[in-house]
Amino acid sequence: MYAALARAVLDDSHRVKAGEDLERLRQRYPRASKDELARRAIRRAALQCAAAGGLVAGPAAFFGALPFGADLTYQALALNRMVLVLSAIYGGGSTPRSRAAGVAGGLGAGLSSELLRQGLVRVLRRSLPGRPGLRTAVGALAGGALGYAAAVAVGRFAREAFASRRFLAALR
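In our numbering, the protein residues as written are 379 to 550.
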């Protein structure tokens with residue numbers, strides 16, 4: 379897990395993938411403004427994080443255990459790539475400091491949603507002891523909602539910061 383996060387900061391592979399993601403968005407929506415492209419990038423990352431959160435939290439609510447960090451790495455990397463795409467949309471360069479800021483934001487949001495999912499699984503196990511199917515459904519929906527919300531929060535913050543350019547100036 380930590381090796382993948384360190385790689386995201388130290389090498390350019392995530393920056394290259396983010397550039398490819400942005401190019402696909404521009405090809406698919408050639409008349410879209412920067413803000414429209416940013417909203418689409420945020421939505422895509424949010425859906426990816428929601429799927430990861432739902433896939434982990436649903437079965438965990440059924441079985442009663444959620445392995446810590448099961449989707450944390452995926453979410454942190456997805457959020458990092460989203461931040462890199464947003465930076466590229468608004469003309470920010472990819473410096474080691476900006477990549478580190480992207481990883482830190484992604485890791486913070488992923489970790490907070492992970493901790494909330496852990497607590498949710500415990501609450502579901504106690505409040506619905508004889509209803510494993512209902513626990514699974516509620517756990518998957520709530521886990522997905524937490525992943526989605528974390529991605530939207532990071533995305534909106536990054537979009538506003540990059541659009542105002544204050545954040546980009548601080549990272550150079």
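Glycine included, C-beta positions come from ideal geometry on N, C-alpha and C.
Note that the structure is predicted; figures quoted are calculated from it, not measured.
_Please identify the residue among R409, S465, R459 whose C-alpha is closest to the C-alpha of Q426._
Here residue 426 is taken as the residue at index 48 of the sequence shown, counted from 1. The option with the nearest alpha carbon to Q426 is R459.
*Residue interval of the alpha helix (DSSP H) (run including Y452)*: Counted from its first residue, the sequence shown places residue 452 at position 74. Looking at the DSSP string, the run of the alpha helix (DSSP H) that includes Y452 is 450-467.
*Segment contact, 8 Å Cβ cut-off, at least three pairs: the segment 414-434 with the segment 516-526*: Yes, the segment 414-434 touches the segment 516-526.
*For the candidate residues V530, V499, R534, G533, whose alpha-carbon lies nearest to that of L519?*
As a position in the sequence shown, residue 519 is number 141, starting the count at 1. It is V499 whose Cα lies nearest to the Cα of L519.
*Given 8 Å, three or more beta-carbon pairs between the segment 394-406 and the segment 453-468*: yes
*asked:* Between which two residues does the alpha helix (DSSP H) holding P510 run?
replied: By 1-based counting over the sequence shown, the position of residue 510 is 132. Unbroken alpha helix (DSSP H) run through P510: 510-542.
*asked:* Distance check for L400 and R418, CA to CA, integer angstroms please.
replied: Reading the sequence shown from its first residue, position 40 is the one you call residue 418. Reading the sequence shown from its first residue, position 22 is the one you call residue 400. Looking at the two C-alpha atoms, the distance is approximately 10 Å.
*Measure from the alpha carbon of R422 to the alpha carbon of each residue in G483, V532, A482, then state which is nearest.*
Indexing the sequence shown from 1 puts residue 422 at position 44. Closest option to R422, Cα to Cα, is V532.
*Might you give, ordered along the chain, the residues of its own chain that have their beta carbon closer than 7 Å to the beta carbon of L403, omitting 5 neighbours on each side?*
Here residue 403 is taken as the residue at index 25 of the sequence shown, counted from 1. Same-chain partners within the cutoff: L415, R418, A419.
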